[in-house]
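Visitor: So the sequence shown is numbered by our numbering: it starts at 33 and just counts up by one.
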Amino acid sequence: MKFGILNGPNLNRLGQREPAIYGSQTLADLEQSIIDKAKELGVTVECFQSNHEGDLIEKIHHWAECQFNGFVLNGAAFTHTSIALRDAIASSDLAFVEVHISNVYAREEFRHKSYTAPLAKGIIAGLGLDGYLHALEWLVRHPSSP
Ligand code: DQA
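(1) For residue 164 and residue 131, I'd like the C-alpha separation in whole angstroms.
(2) Please report the distance separating the alpha-carbon of residue 89 from that of residue 95.
(3) So for residue 133, helix, strand or coil by DSSP?
(4) Quick check: what's the CA-CA separation for residue 61 versus residue 107?
(5) Consult DSSP for residue 172 and reduce its assignment to one of helix, strand or coil.
(6) Would you say residue 133 touches the ligand MG, meaning its beta carbon is less than 7 Å from a heavy atom?
(7) Taking C-alpha atoms, which residue in 83, 36, 93 and 85 lies nearest to residue 66?
(8) Spatial neighbours of residue 69 within its chain, please: C-beta separation below 7 Å, excluding the five flanking residues on both sides.
(9) If we ignore side chains and look at the alpha-carbon of each, how far apart do residue 57 and residue 175 end up?
(10) At what residues does the alpha helix (DSSP H) containing residue 38 begin and finish?
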């Protein structure tokens, strides 16, 4: 089985970016721990990060066409703004878990709205980078069948 890990804008700056909120680990650290977890679970993962909405959308299309079994999404700020990202997911029929490193519900009100969450199987917010690993474990037990 193969799963995607999709990270949106500014997550390439993990480790440097507001460490009090997002922690001191880098995106490379995060991706390595996901790859290690995938090995342990016996599945394949593709990690992708972009600051560009269209790249994220095209990656979802690609994963749908390549018959992935689901993906973990941290759409970052696009979570709160992007109808296009939501429509890409709706077109894909892939199971996904939405992850936020921080507890968005304990932050500014504009972070409480997610365009993508209504399509998600579930949402994990505020568990730091562990959220990605929990999301992947769950997806492996509840994959979408191509
Ligand atoms: C985030 C929360 C978003 O509100 C923010 O724009 C991000 C990161 C999180 O992981 O906590 O970039 O998705």
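From the three backbone atoms N, C-alpha and C, an ideal C-beta is built for every residue, glycine too.
Small disclaimer: the values here were computed from a predicted structure and weren't measured.
Guide: Considering the structure as presented:
(1) Taking the first residue of the sequence shown as 1, we reach residue 164 at position 132. Taking the first residue of the sequence shown as 1, we reach residue 131 at position 99. Residue 164 and residue 131: Cα-Cα distance of roughly 6 Å.
(2) To locate residue 89, count along the sequence shown from 1; it is residue 57. To locate residue 95, count along the sequence shown from 1; it is residue 63. For residue 89 and residue 95, the distance between alpha carbons rounds to 10 Å.
(3) The count along the sequence shown starts at 1 and reaches residue 133 at position 101. Coil at residue 133, not helix or strand.
(4) For the purposes of this step, residue 61 is identified with residue 29 of the sequence shown, where counting begins at 1. For the purposes of this step, residue 107 is identified with residue 75 of the sequence shown, where counting begins at 1. When rounded, the distance between both Cα atoms is 19 Å.
(5) Taking the sequence shown and counting its residues from 1, the one referred to as residue 172 is at position 140. Residue state, collapsed to three classes: helix.
(6) Only the ligand DQA can be found as ligands here, which leaves the ligand MG out of the picture.
(7) Position 34 of the sequence shown, counting from 1, holds the residue named residue 66. The residue with the shortest Cα to Cα distance from residue 66 is 36.
(8) Sequence index remark: in the sequence shown, residue 69 carries index 37 (1-based). So the list reads 165 and 168, once near-sequence residues are dropped.
(9) As a position in the sequence shown, residue 57 is number 25, starting the count at 1. As a position in the sequence shown, residue 175 is number 143, starting the count at 1. Spanning the two alpha carbons is a distance of roughly 28 Å.
(10) Stepping through the sequence shown from its first residue, residue 38 is reached at position 6. Taken as a continuous stretch (DSSP letters only), residue 38 belongs to no alpha helix (DSSP H), being part of the beta strand (DSSP E) at 34-39.
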